[in-house]
Amino acid sequence: MNIPLDKILIIGIIAVLLLGPQRLPMYAQKLAEFVKAVRRFADTAKERMRDEMGPEFDDIEWQKLDPRQYDPRRIIRDALLDSGGASSAAAVQTAQVTASKVRATAPVVPLAVGEAPPFDAEAT
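So, in structure tokens, the structure goes:
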């Protein structure tokens, strides 16, 4: 977690103004103890995972499991490209052309006042 120095400085100034110089050292000490406790908890959890999973724990590529890297388009593209080489690349191109045609030809018709939207019982 990278927090720029200017933001830390602003938080510090606000803390001094809100807490006052008498209570600030006590709250700073409590914050330091809390950060240490969180680090101990994380280290303990990591060691426990390593003990329970064994040597496979170090072989896991944790970057791939990061939810911030989740991009459905990339996942589908990778799955299609991994499954069959050149034919899957053609399938991706065909799917893109078909999707663009559907978007271009499907008119969007607003519902009239009081009209119920279409419902397909077999699709649900």
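Read in order, the letters of the sequence shown are residues 69 to 192 in this note's numbering.
The beta-carbon is built from N, C-alpha and C at its ideal position, and this holds for glycine as well.
This structure is a prediction, so every number in the text was calculated from the model and none was measured.
Distance from the CA of Phe187 to the CA of Leu148, rounded to the nearest whole angstrom, comes to 31 angstroms. Going by C-alpha positions, Val177 is about 21 angstroms away from Ala189.
Take the alpha-carbon of Glu101 and the one of Ile143: they are about 42 angstroms apart. Listed in chain order, the non-local C-beta contacts of Pro140 below 7 angstroms within the same chain number zero, local neighbours out to five positions each way being set aside. Between the alpha carbons of Asp126 and Glu115 lies a gap of roughly 11 angstroms. The beta carbon of Ile81 is closer than 6 angstroms to none in its chain, skipping five residues each way along the sequence.
The residues Phe125, in chain order, have a CB closer than 7 angstroms to that of Met117 in the same chain once the five nearest residues on each side in sequence are set aside.
Under the three-state reduction of DSSP, Asp119 is assigned to helix.
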